[in-house]
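> First the structure, then my questions, so here it is.
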Amino acid sequence: MAESSHVLHEIHPVFNTDSRILILGSFPSVKSRESQFFYGHPRNRFWNLIATLTDEPLPVGTEEKKSLLLAHHIAVWDVIASCDIEGSSDSSIRNVVPNDLTEILQTASIRQIFTNGGTADRLYKKYCFPQTQQKAICLPSTSPANAAWSKERLLTKWNQICPYLE
113 MAESSHVLHE IHPVFNTDSR ILILGSFPSV KSRESQFFYG HPRNRFWNLI ATLTDEPLPV
173 GTEEKKSLLL AHHIAVWDVI ASCDIEGSSD SSIRNVVPND LTEILQTASI RQIFTNGGTA
233 DRLYKKYCFP QTQQKAICLP STSPANAAWS KERLLTKWNQ ICPYLE
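The structure is reproduced here in structure tokens:
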């Protein structure tokens, strides 16, 4: 079993004044922390889903990923600013310090908040909802740990973001 350590979230949120939806994960995986950008694990389906839903080519590299998000009015960040975690295991998360979503919500015209997976949703409800008073829609996790969900099955749920992007 991996040893738990207190880890600080060091990836800046992606958003601008045109962002209409905010997608919140729980906390960056080890691979995301290494690459210094969201959804960095090669088997995470996030980028593939977003490219498919926006009818864009799969982005390569951080700048292409940021451009894809901003071109389609998507803001991305995580619920947690720091926590104790074992590797990338959401189930090991303890001693949560939540991110302050105020800057994003005051800068952008966020029409809907979505959470990427059950852990992000549970933590959003516990730590962020009391501040934001904005309900989030929970989408199934794009993590490779959520292997029960195929890309096709994920698309049937993740397509809920599309009406907010038009």
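Take the position in the sequence shown, starting the count at 1, then add 112; the result is the number in this note's numbering. Heads up, the beta-carbon is just placed ideally off N, CA and C, and yes, glycines get one too. Fair warning: this is a prediction, and the values are worked out from it, not measured in the lab.
Can you tell me which of F158, S144, F150 and G173 puts its alpha carbon nearest to the alpha carbon of N271?
Taking the first residue of the sequence shown as 1, we reach residue 271 at position 159. Cα-wise, what sits closest to N271 is F158.
> State the start and end residues of the unbroken alpha helix (DSSP H) segment that holds D233.
By 1-based counting over the sequence shown, the position of residue 233 is 121. First-last of the alpha helix (DSSP H) with D233: G230 to L235.
> Starting from C250 and walking both ways along the beta strand (DSSP E), at which residues does that stretch end?
On the sequence shown, position 138 is the one that residue 250 refers to. Start and end: A248 to L251.
> With a cut-off of 8 Å, do at least 3 Cβ pairs link the segment 210 to 230 to the segment 164 to 183?
The segment 210 to 230 is not in contact with the segment 164 to 183.
> For the pair the segment 251 to 271 and the segment 209 to 225, tell me if three or more CB-CB distances fall below 8 Å.
Output reads no: the segment 209 to 225 does not touch the segment 251 to 271.
> Straight-line CA distance for L120 to R145?
Against the sequence shown, residue 120 aligns to sequence position 8. Against the sequence shown, residue 145 aligns to sequence position 33. The alpha-carbon atoms of L120 and R145 are separated by roughly 10 Å.
> Please name the residue in T164, V142 and L165 whose C-alpha comes closest to that of P154.
Here residue 154 refers to the residue found at position 42 of the sequence shown. Cα-wise, what sits closest to P154 is V142.
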